[in-house]
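Sequential numbering of the sequence shown, starting at -11, is according to this note's numbering. Ideal Cβ positions, reconstructed from N, Cα and C, are used throughout, including at glycine. Here the structure is a predicted model, which means the values were calculated and not measured. Since the structure comes first, as structure tokens, the remarks are kept for the end.
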Amino acid sequence: MMKTVVAKALAVVLLGFGLTAGAVMASVEDEIRSRIAPVGTVCVQGEDCGESAAPAQTASSGPRSGSEVYSSACAACHDTGAAGAPKKGDAGAWSPRIDKGLETLVTHAINGFNAMPAKGGCGNCSDEEIELAVEHLVEASQ
Ligand code: HEC
């Protein structure tokens, strides 16, 4: 019984909207669809899962922080001194380099410098991320 009352009331309300009722229903339907859409979708490799299936690491969320980039792409050499890399935190090793200017250091980090590989070998690091990593490294080494 309540249902019919509600339905009648709804019908009256919708009639009140007149010509826009159809549009209202359509947008309500869209809203309901988006509300009942699954929170996450599983995409099996090889399936076409649409744009939402793009890997989480694509650059849309802005640059990674300097310390994040450093840990994943630079620490292997700059924490250990491997290949003759100036160690992070070693002010003596860094001060003559810092004297060259941050811009030069960033350019060398992006393009490579002697045994220092371009971008530290990080193929998916943007120039901006490398710059943030250099700043992180330099700040920790003065
Ligand atoms: C494979 C080892 C290796 C990795 C990985 C590496 N570096 Fe280096 N890096 C070196 C070496 C070796 C040098 C010293 C080069 C020289 O002075 O001849 C160096 C030097 C530098 C310098 C000083 C350049 C100059 O002009 O004095 C900066 C800045 C630098 N690295 C930043 C980074 C950053 C940022 C990363 C990560 C994105 C990174 N490096 C990853 C080995 C590495």
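Excluding residues up to 5 positions away in sequence, Y58, C62, H66, K76 lie with their Cβ nearer than 7 Å to the Cβ of L125 in the same chain. Residues of the same chain with a CB within less than 6 Å of the CB of A71, apart from the 5 flanking positions on each side, are C65, A103 in chain order.
A straight-line Cα-Cα distance of about 24 Å links D115 and A81.
Cβ neighbours of P74 within its own chain (closer than 8 Å, five residues either side excluded): H66, A81, W82, R85, S129. With a threshold of 16 other beta carbon atoms within 10 Å, A97 meets it and is buried.
The alpha-carbon separation between V94 and L120 amounts to approximately 9 Å. Proximity of the beta carbon of G109 to ligand 1 is indicated: a heavy atom of the ligand is located closer than 7 Å. For S15 and V(-7), the gap between their C-alpha atoms comes out near 24 Å. Just so you know, the alpha carbons of E17 and R23 end up roughly 10 Å apart. The beta carbon of V122 lies closer than 6 Å to those of L93, V94, A97 in the same chain, with the five residues before and after it left out.
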